[in-house]
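**Student:** Would you mind keeping the following structure in view while I ask a few things?
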Amino acid sequence: MDGAGELLGDDALARLRAETSQGRGLPNMAYTSDTWLEHERRHLMWPMWMLAGFESQISEPGDALPVTVAGCPIVMVHRRDGGIAAFHNVCRHRGAVIVTEPCKGLATLTCPYHAWAYGLDGKLRTRPHFHGGGQHDIPEDGDARGNLRSVRCESWRGMLFVNIDGKAAPLAEHMAPADEHLEGWEPQTLAYGGSLTFEVKANWKHIHENFIDVYHKFAIHPALCEFAPLETSNPMVPIADHLLKTWHVIAAPQEGRGKGLPPLPNLPDVLHREGRFFTMIPTCNINIWYDQIAILVAEPTGTGTTRETIHLLFAPEAMAAQYDGARQNALNTWDGLNREDILPLESMQRGRVSPGFDGGTLSPFWDPGTHFFARQVAELMVAHEGSAP
Ligand code: FES
Ligand SMILES: [Fe+2]
């Protein structure tokens, strides 16, 4: 079952539906097959909205942020006219990646290989020595062949998402089911408070399923359980085809989580007493605590390897020097929490080559979200087949 036809054919889908309807997860090959991953990128990820960055990371004209989303190098740009744009970060000459580091104050995006220069609107401006030494080329305006290819980009609450195939429903529509669970909260633009990156030797779905899995916290996250006990936590439940949510009652605020930082502005009262988590299929998880938002992203770097990034957002006033220690505590807390997850994640990846495991036995109380995710992976890949650019 490793060829593309078999992978996405009716028989395979019927088998997946049958297996997942029995309370089982995805079969081992979904975590070990390179072909499966390539199909996921094209048919599950490129047609969906994927988190790419935050408005606060490119807050001024001339700011540029290179990212990798579903395997694609993309650059997010704050244009001179104040708008935000996303482009495939790939030179139209020979395909080199153009912007390799976050930049500020750029006038052009200039490729490091042969110095082709593009405006912040993506238009090709100059091709030095293109017709011979000293024979520079300034393309005619309107010749689109040399321009950067744009990527559809929209913002939700200061978070920038891209839709690589350009055919998804508007982002506001996509996120409306989450809006309904935020009591009309319209946060001001929060401050970007830093990120953590982890290279995990596990398929990206293990990381995403771990976002969904509330059940594991009593066994491996003792401090998190003191903060928000399992007894007052709830399983992830679907609220749309691509969104799940859960909520946790806060019992005892801790340094780095609830103590030391100012609350997020304009937060509804109920969000001072509980945390709300949203998992966005395919790769993003949004954790809202009353003094911080943590956004976790799983970017597949190979079939059995994932780059996990945790972004932290705080109230703007929390960026003052007096909160330096409290912000560092929050980063340290997420670092420690995530390290507790890595061993089980990597051990599950090793378990997926064993004939002694194929789909597992899911808890009827805690795992409907994992079950739902498994089915959606299969369904969305088939639904989007043929829609990739
Ligand atoms: S590859 Fe970019 S200028 Fe040649
Ligand atoms: Fe965990």
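To convert, count from 1 in the sequence shown and add 221; that's the working numbering.
Built from N, CA and C at the ideal position, the CB exists for glycine as well.
List, from N- to C-terminal side, the alpha helix (DSSP H) runs of 4 residues or more that fit wholly inside the region 419–452.
**Tutor:** Listed in chain order, they are 425–433, 438–441, 443–448.
**Student:** From the DSSP output, read off the bridge partner residues of A547.
**Tutor:** Answer is none; A547 lacks a bridge partner.
**Student:** Going by Cα to Cα distance, which pick from H352, N368, P287, A473 is closest to Q323?
**Tutor:** Position check: residue 323 holds Pro in this sequence, whereas Gln was assumed. Checking every option, the nearest Cα to that of P323 belongs to P287.
**Student:** Would you kindly report the start and end of the unbroken alpha helix (DSSP H) that includes T329?
**Tutor:** Careful: T329 lies outside any alpha helix (DSSP H), inside the beta strand (DSSP E) at 329–331.
**Student:** Decide yes or no for the touch test of the region 321–337 against the region 270–287: beta carbon pairs closer than 8 Å, at least 3 of them.
**Tutor:** A contact exists between the region 321–337 and the region 270–287.
**Student:** Would L414 and L558 be called neighbours here (beta carbons separated by less than 9 Å)?
**Tutor:** Sequence inspection shows Gly at residue 414; the Leu mentioned does not correspond to that position. No, the Cβ-Cβ distance between G414 and L558 is not below 9 Å.
**Student:** Distance, Cα to Cα, G224 vs A397?
**Tutor:** Confidence is the limiting factor: at G224 the pLDDT is only 38, short of 50, which leaves the residue's position unreliable, though a coordinate-based value still follows. Cα to Cα, the separation comes out at about 37 Å.
**Student:** What is the rounded straight-line gap between the Cα of T347 and the Cα of G590?
**Tutor:** Computed Cα separation, rounded: 51 Å.
**Student:** Output needed for Y252: all residues of its chain with C-beta closer than 6 Å, excluding positions within five of it in sequence on either side, in chain order.
**Tutor:** Closer than 6 Å at Cβ, skipping near neighbours: N424, R573.
**Student:** Within the present structure, is the beta-carbon of H357 separated from the nearest heavy atom of ligand 1 by less than 8 Å?
**Tutor:** It does not: the Cβ of H357 is nowhere closer than 8 Å to a heavy atom of ligand 1.
**Student:** Report the residue from L381, T500, D512, L465 whose alpha carbon sits nearest the alpha carbon of N487.
**Tutor:** Answer by Cα proximity: D512.
**Student:** Relative to the C-alpha of H463, which residue among L485, T504, R494 is closest?
**Tutor:** Taking only the C-alpha atoms, the option nearest H463 is T504.
**Student:** So, with DSSP's three-state summary, where would you put E567?
**Tutor:** It is helical.
**Student:** Rounded to the nearest angstrom, what separates F594 and Y334 at their Cα positions?
**Tutor:** If I take the Cα positions, the gap works out to 42 Å.
**Student:** Taking 9 Å as the cut-off, decide whether the C-beta atoms of E404 and V470 are in contact.
**Tutor:** Taking 9 Å as the Cβ cut-off, E404 and V470 do not qualify as a contacting pair.
**Student:** Return the chain-ordered ranges of every beta strand (DSSP E) run that is complete within the region 467–522 and spans a minimum of 3 residues.
**Tutor:** Taking only runs of at least 3 residues, the beta strand (DSSP E) segments lying wholly in the region 467–522 are 495–501, 505–510.
**Student:** Work out the CA separation of P576 and T582 for me, nearest whole Å.
**Tutor:** Near 15 Å, if we compare the C-alpha coordinates of P576 and T582.
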